[in-house]
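In what follows, a structure is listed as structure tokens, so that the remarks can point back to it.
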Ligand SMILES: NC(=O)c1ccc[n+]([C@@H]2O[C@H](COP(=O)([O-])OP(=O)(O)OC[C@H]3O[C@@H](n4cnc5c(N)ncnc54)[C@H](O)[C@@H]3O)[C@@H](O)[C@H]2O)c1
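Here it is, written out as structure tokens:
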């Protein structure tokens, strides 16, 4: 709703693309001053300029604690304490457990899980009491897939990190929730669209379509706003009901 985040400051990691960018648009549309954080300096500056309304872009790699700390500090110096944060930086990989190189396992855990930990740690340190943190988990936090061990394990970790952080930050009324999208059309998943994999997804989605970034941003906006003031430590699916069925074959 327009105006519900007036006077508030929201930071979005992975904000230069896909779900993070759409969340930033939704938060800005509700009146928040928005800071985008992303690994590409050029992309984050361009997307912030497009957003307008004083949106700021800061380049940082969420797997590097010094960079995350500096980015959050710079955001707060420019636009004041955080009231909301969305942790969307992440990526995927494929490989059965017998084929997956250990370095690839570490890369995914480092970005998808440790990156969320480092982000929420420094966001919480600079967040006003009563603020809200939303982490991008996935349908795969709960639903396993063949050849998907690293991604699924990283997202299951995000769910438990979310619950523990909610307990740690509850005394300050800082809420921490996670969203669990099903297949959403973004640059990350563009290679799956129109393939057998997408068709197998569609056969396993009760609502019969893949999701849009807007489907996810609507839920994130709800969790960032006071409309969800008594919700914390939760994981909410936004997946057309896919969690009720089986995960598609990726190979
Ligand atoms: N697209 C889907 O179907 C889907 C489904 C469930 C969950 N998710 C999750 O949603 C999140 C966003 O996915 P998306 O589809 O929008 O992907 P995307 O690739 O469009 O956007 C991800 C963004 O994260 C940034 N990023 C990557 N590594 C980074 C790093 N080290 N530091 C800072 N930024 C970094 C990228 O530059 C990019 O802008 C991810 O965590 C993903 O796992 C996506």
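Residue numbers (UniProt numbering): 1 to 251. Beta carbons: idealized from backbone N, C-alpha and C, even for Gly.
With 16 as the cutoff for other CB atoms within 10 Å, does residue i come out buried or exposed?
i, result
"residue 123", "buried"
"residue 161", "buried"
"residue 226", "exposed"
"residue 71", "buried"
"residue 155", "buried"
"residue 195", "exposed"
"residue 2", "exposed"
"residue 152", "buried"
DSSP three-state call for residue i: helix, strand or coil?
i, result
"residue 144", "coil"
"residue 215", "helix"
"residue 87", "strand"
"residue 136", "strand"
"residue 8", "coil"
"residue 172", "helix"
"residue 112", "helix"
"residue 225", "coil"
"residue 105", "helix"
"residue 94", "coil"
"residue 250", "coil"
Any heavy atom of ligand 1 closer than 7 Å to the CB of residue i?
i, result
"residue 91", "yes"
"residue 26", "no"
"residue 186", "yes"
"residue 177", "no"
"residue 108", "no"
"residue 39", "yes"
"residue 183", "yes"
"residue 62", "yes"
"residue 19", "yes"
"residue 16", "yes"
"residue 115", "yes"
"residue 244", "no"
"residue 212", "no"
"residue 221", "no"
"residue 232", "no"
"residue 13", "yes"
"residue 79", "no"
Between which residues of its own chain and residue i is the CB-CB distance below 8 Å, once the five residues before and five after are set aside?
i, result
"residue 174", "124, 127, 129, 130, 131, 132, 133"
"residue 51", "24, 25, 28, 34, 36"
"residue 210", "182, 183, 184, 185, 193, 198, 201, 202, 240"
"residue 206", "240, 241, 242, 244, 245"
Output needed for residue i: all residues of its chain with C-beta closer than 7 Å, excluding positions within five of it in sequence on either side, in chain order.
i, result
"residue 143", "243, 247"
"residue 189", "183"
"residue 78", "56"
"residue 16", "36, 38, 40, 43, 44, 47"
"residue 214", "22"
"residue 76", "82, 126"
"residue 219", "179, 236, 238"
Checking the sheet assignment: what are the DSSP bridge partners for residue i?
i, result
"residue 237", "180"
"residue 191", "Partner(s): none; residue 191 has no beta bridge."
"residue 59", "38"
"residue 17", "Beta-bridge pairing links residue 17 to no other residue."
"residue 127", "82"
"residue 33", "9"
Closer than 6 Å by C-beta to residue i: which residues in its own chain qualify, once you throw out the five before and the five after it? Chain order, please.
i, result
"residue 313", "Nothing about residue 313 can be read from this structure; the chain reaches only from 1 to 251."
"residue 217", "22, 23, 26"
"residue 8", "32, 83"
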